[in-house]
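Visitor: Have a look at the structure that comes next, please.
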Amino acid sequence: MSSGRQTIPKFNKDFNEKLEGMEITRHDPTTDARSGEEPVFAPEEIIAFTSGLPGVTAFTAAEGDGSPEIAWGDTFFLYDPEGEGMGAQRMPFATIVVKDYDGFDTASELNRPGVFRLNISVGRTAFEELVGYPPAAHADQAAEIDYTVTDRIIPHPVYAPQSWVAVVNPGPTTRERVRDLLTDAHARAVRRHRPRG
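Numbers 344 to 540, taken from our numbering, label the letters of the sequence shown in order.
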């Protein structure tokens, strides 16, 4: 893009409408809430790993790039071999979220100091293998899940029905599995990709 500006994709109308007017609370997810130490698989390391996969664009929303303020600090990963950037409005295959989206996505309590959440689109089969039930059954299971637990693969608190899982502060238990899930999510994005134009 010649202007150098990128905007976050319009995931869907309802989601983008929910972003507008939300209260914003900032924190720094650089220390692990469990121990005061850096998380084993820190956001910067996840960004470096995932950005190294072929054709991946990693976009961290920030002031001045056209992103809604509520998204600032969150990172979106998408397969973008043509280099169209976030303006192409492709769906990400993974995200890193560093704060609650008040009124929409608060179950993981991401406003705690040092807490972030990695979210990965894994597909129906992998979702069921990882959490023990199909995405369509999530509404029946949601009340039993602790979305604040760290270093464990859990259903995404909002997007589980769309086959997304999440890990709050990935650590020694999930580090290698998270790498595999990111690699698999990238491969799924490659298979689904259709060049524009």
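No residue lacks a Cβ here, since even glycine has one placed at the ideal position from N, Cα and C. Everything numeric in this text was worked out from a predicted model, so none of it was measured.
(1) How big is the Cα-Cα spacing for ILE439 and ALA482?
(2) For the 8 Å Cβ check, are there 3 or more pairs between the segment 401–410 and the segment 446–464?
(3) Taking 6 Å as the limit between beta carbons, can you name the residues of its chain near ARG520, skipping five residues before and five after?
(4) Take the Cβ of LEU524 as the centre, count every other Cβ of all protein chains shown within 10 Å, and call the residue buried at 16 or more, exposed below.
(5) Using 8 Å as the threshold, is the segment 497–507 in touch with the segment 462–480, meaning 3 or more CB pairs across them?
(6) On the DSSP bridge assignment, give the partners of ILE389 in chain order.
(7) From the DSSP output, in three-state form, read off THR517 for me.
(8) Rounded to whole angstroms, what is the Cα-Cα separation between LEU461 and ALA479?
(9) Mind checking whether GLU288 and PRO538 have CB atoms under 8 Å apart?
(10) Could you have a look at ASP408 and say whether DSSP puts it in helix, strand or coil?
Guide: Concretely, from the data shown:
(1) By one-based count along the sequence shown, residue 439 stands at place 96. By one-based count along the sequence shown, residue 482 stands at place 139. Cα to Cα, the separation comes out at about 23 Å.
(2) no
(3) On the sequence shown, position 177 is the one that residue 520 refers to. Result list for ARG520: empty, nothing under 6 Å.
(4) Position 181 of the sequence shown holds residue 524. Classification for LEU524: buried.
(5) yes
(6) Here residue 389 corresponds to residue number 46 of the sequence shown, with the count starting at 1. Looking at the DSSP assignment, ILE389 forms no beta bridge with any residue, so it has no partner.
(7) Position 174 of the sequence shown holds residue 517. If DSSP states are grouped into helix, strand and coil, THR517 belongs with coil.
(8) Here residue 461 refers to the residue found at position 118 of the sequence shown. Here residue 479 refers to the residue found at position 136 of the sequence shown. When rounded, the distance between both Cα atoms is 21 Å.
(9) Nothing can be reported for residue 288, as the shown portion of the chain is limited to 344 through 540.
(10) By one-based count along the sequence shown, residue 408 stands at place 65. Three-state result, ASP408: coil.
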